[in-house]
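*Asks:*
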Amino acid sequence: MAHVPDPDLRRAVADRVRYYHELGIYDFYRRELASTERAASAPSASGTTDSTLLAPSQPELREEMATRKPAVVAAVAEENIFDVLNPKPEQGVADPKTALKLIREDLGDCARCKLHKQGRKQIVFGVGNPRAELMFVGEGPGADEDAQGEPFVGRAGQLLNNMIKAMGLQRKEVYIANVVKCRPPGNRTPERDECETCSPFLMRQIAVIKPKVVVALGAVAAKNLLAFNAPMAELRGRFYDFIPAGARSSDPSWQGAKLAVTYHPAFLLRDPRQKGEAWKDLQMVMKYLGLEPPTRTAE
Ligand code: SF4
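For the numbering used here, add 70 to where a residue sits in the sequence shown, where the first one is 1.
Written out as structure tokens, the structure is:
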């Protein structure tokens with residue numbers, strides 16, 4: 071019977087594999103164990119495995135691992151080592167439109183989290199240019215989005231359209247998605263387990279679109295993309311280096327995106343005084359992307 075590693079060992083191996091992914095190493099080879107190593111790797115009478123097998127054998131590697139800074143990646147709970155190692159259907163597909171279609175097919179009629187049975191009409195996958203340089207990520211679909219199957223189509227969507235236009239772009243030039251793809255009942259904030267179950271699909275979307283900049287709309291999107299929690303005042307006003315966790319881009323030259331945080335348009339509808347602050351965030355993004363606001367035509 072195949073030996074099933076204990077959960078701690080699986081997590082440790084998944085962490086190691088993720089670390090190698092952060093270094094840009096994706097291909098792994100299995101080396102035959104010498105008989106002494108095989109004996110050491112066998113589970114002991116207590117059912118545990120020799121922990122030294124998980125420790126780096128070279129001091130310099132151990133040192134490097136101890137001091138390395140964590141990349142800004144999203145947390146993926148209960149990540150399975152087999153998910154990490156198994157290639158996704160879109161991997162190796164150069165055309166982002168085709169790759170997005172493969173991700174959508176992989177999502178299927180998703181029932182992976184409880185939101186599938188809490189009144190959603192349809193899955194809201196994402197919309198826009200598969201080669202967008204700029205991506206907006208919100209929290210989750212609302213009633214209008216759930217009805218139309220497209221993110222940001224209600225009043226908040228109208229405001230987002232205006233924000234995009236003020237940046238000198240059209241909605242169809244950017245890509246828009248949410249952390250969760252099904253409407254939380256009563257427009258409640260998506261719960262942690264729902265975000266953690268759904269966000270790997272968003273990460274894969276980001277990895278195939280390969281934007282230069284991702285704008286997180288609101289604290290929920292920021293927290294899930296950056297994998298840390300802080301007040302909006304601290305999150306805004308700077309760029310973060312962002313690599314979508316657990317997702318591999320087919321383009322090795324893409325080294326991730328810049329991530330900026332601004333207010334969610336629904337919040338700006340409730341507190342329009344913050345629009346000036348949001349505009350400062352967008353101007354920072356415009357400067358990075360070399361965008362100019364549209365010139366006003368004489369009336
Ligand atoms: S929110 Fe995401 S993970 Fe949950 S059911 Fe919908 S598509 Fe699936």
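Even glycine gets a Cβ: it sits at the ideal position worked out from N, Cα and C. Quick caveat, the model's predicted, so the values are computed rather than measured.
With H, G and I counted as helix, E and B as strand and the rest as coil, what does DSSP make of I393?
*Replies:* In this structure the chain extends from 71 to 369, so residue 393 is not present and cannot be described.
*Asks:* Can you list every residue whose CB sits closer than 7 Å to some heavy atom of the ligand SF4, going in chain order?
*Replies:* The set of residues with CB atoms less than 7 Å from any heavy atom of the ligand SF4 reads, in chain order, L177, C180, A181, R182, C183, L185, H186, R190, I193, V250, K251, C252, E264, T267, C268 and F271.
*Asks:* V285: beta carbon under 8 Å from a heavy atom of the ligand SAM?
*Replies:* In terms of ligand content, the structure shown lacks the ligand SAM and carries the ligand SF4 instead.
*Asks:* With a threshold of 16 other CB atoms inside 10 Å of the CB of G224, please say whether the residue is buried or exposed.
*Replies:* buried
*Asks:* Just checking, does the region 226 to 242 make contact with the region 302 to 320 on the three C-beta pairs under 8 Å criterion?
*Replies:* no
*Asks:* Would DSSP call K282 helix, strand or coil?
*Replies:* coil
*Asks:* Specify the secondary structure class of G178 as computed by DSSP and reduced to three states.
*Replies:* coil
*Asks:* Can you list the beta strand (DSSP E) stretches of 3 or more residues lying completely in the region 292 to 330, in chain order?
*Replies:* 310 to 312
*Asks:* Are the Cβ atoms of A327 and V283 separated by less than 9 Å?
*Replies:* yes
*Asks:* Are the region 195 to 209 and the region 243 to 253 touching by the rule of at least three beta carbon pairs closer than 8 Å?
*Replies:* Judged by Cβ distances under 8 Å, the region 195 to 209 makes contact with the region 243 to 253, as three or more pairs qualify.
*Asks:* How about H253 and P301: do their beta carbons lie closer than 9 Å?
*Replies:* Correcting the residue type first, residue 253 is Arg in the shown sequence and not His. No, the Cβ-Cβ distance between R253 and P301 is not below 9 Å.
*Asks:* Over what stretch of residues does the beta strand (DSSP E) that includes G208 continue unbroken?
*Replies:* Counting along the chain, the beta strand (DSSP E) containing G208 begins and ends at L204 to G208.
*Asks:* Of all the beta strand (DSSP E) runs that stay within the bounds of the region 198 to 252, which reach a length of 3 or more residues?
*Replies:* 204 to 208 and 245 to 248
*Asks:* Alpha carbon to alpha carbon, how far is K350 from E362? Give it in angstroms, no decimals.
*Replies:* Linking E362 to K350 through their CA atoms gives a straight-line distance of about 14 Å.
*Asks:* Taking contact to mean at least 3 C-beta pairs separated by less than 8 Å, is the region 177 to 185 in contact with the region 213 to 220?
*Replies:* Using a Cβ-Cβ distance cut-off of 8 Å, the region 177 to 185 and the region 213 to 220 are not in contact, since fewer than three pairs of beta carbons, one from each stretch, lie closer than that value.
*Asks:* What's the call for S269, buried or exposed, on a 16-neighbour Cβ count within 10 Å?
*Replies:* buried
*Asks:* In terms of residues, what are the limits of the alpha helix (DSSP H) holding K345?
*Replies:* K345 to L359
*Asks:* Looking at C-alpha atoms only, which residue of A164, T332, M273 and V250 is the closest neighbour of L305?
*Replies:* T332
*Asks:* Nearest CA to the CA of G346: which residue from K171, L359, E264 and G307?
*Replies:* G307
*Asks:* From L359 to P281, what does the alpha carbon distance come to, in whole angstroms?
*Replies:* CA-to-CA, the gap between L359 and P281 works out to about 11 Å.
*Asks:* Can you tell me the Cα-Cα spacing of R132 and N299, whole angstroms?
*Replies:* Note that R132 scores a pLDDT of 34, beneath 50, so its modelled location is shaky and nothing firm can be said.
*Asks:* Give a yes or no on whether 9 Å exceeds the smallest Cβ distance from A181 to chain B.
*Replies:* You won't find chain B in this structure, because it holds only one protein chain.
*Asks:* Report the option in G238, R258, S323 and C265 whose CA atom is closest to the CA atom of K251.
*Replies:* The shortest C-alpha to C-alpha distance from K251 to any of G238, R258, S323 and C265 is the one to C265.
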